[in-house]
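Positions 72 to 213 (the working numbering) are the ones given, in order, by the sequence shown.
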Amino acid sequence: MVVILNPRVPFSAMSIPQILKKFKVVAVVGVSRDPSKDSRMVFDYLLAHGFEAYPVNPFAEEIAGHKCYKSLSELPKKPEIVDIFRPSSEVMPIVDEAIRVGAKVIWMQLGIINEEAAEKAKKAGLEVVMDHCMRIENEKLK
72 MVVILNPRVP FSAMSIPQIL KKFKVVAVVG VSRDPSKDSR MVFDYLLAHG FEAYPVNPFA
132 EEIAGHKCYK SLSELPKKPE IVDIFRPSSE VMPIVDEAIR VGAKVIWMQL GIINEEAAEK
192 AKKAGLEVVM DHCMRIENEK LK
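Below, the structure is given as structure tokens:
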């Protein structure tokens, strides 16, 4: 069991509103082809709300009419935010790749917490948000 003292506090020097206003190119890692899944709803939301979102899923060719990429390194544009919809145990290799491609922010969605990966990203100069939903946080800006 993992105990998080205050999971509502982002692991970042920037505030969540600052991150959402500054960075608009998002790689959604683990996005589903199923439109009823949270990852797909967030992907669709980001596209509809001014973000340039890229689906990353090695098992899909296309999602919502958009070419799907197998990894961050395949994206046509450097992602600013890497939005992660994978189990906490699978976050570290995603963080490693995000660092390699020059991402600015690691965003772990609701329920996704990996302190070790967050610390590694932070040491590499990335902003980190854990256990927060981009859609919910963006809606708070309205």
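C-beta: ideal position from N, C-alpha, C; glycine also.
Bear in mind the structure is a predicted one, so any value in this text is a computation, not a measurement.
ask   = For GLN89, is the classification buried or exposed, using 16 other Cβ atoms within 10 angstroms of its Cβ as the cut-off for buried?
value = exposed
ask   = Around the Cβ of ASP154, are there at least 16 other Cβ atoms within 10 angstroms (buried) or fewer (exposed)?
value = buried
query = Which one or two residues does DSSP pair with HIS137 in a beta bridge?
reply = ILE134
request  = Spatial neighbours of GLU168 within its chain, please: CB distance less than 7 Å, with the 5 preceding and 5 following residues excluded, ordered by chain position.
outcome  = SER142, LEU143, SER144
inquiry  = I need the DSSP call for PRO147, collapsed to helix, strand or coil.
reply    = coil
request  = Pair every Cβ in the stretch 89-100 with every Cβ in the stretch 118-128, then say whether three or more of these pairs are closer than 8 Å.
outcome  = yes
query = In this structure, does DSSP put VAL73 in helix, strand or coil?
reply = For VAL73, the predicted structure reports a pLDDT of 31, less than 50, and the residue's modelled location is therefore unreliable. A value from the coordinates is still provided. Three-state DSSP puts VAL73 in coil, outside helix and strand.
Range of the contiguous beta strand (DSSP E) that encloses ASP202 = Where ASP202 is concerned, there is no enclosing beta strand (DSSP E), given that its DSSP letter is neither H nor E.
ask   = By the 10 Å Cβ neighbour count, where 16 or more other Cβ atoms means buried, how is GLU133 classified, buried or exposed?
value = exposed
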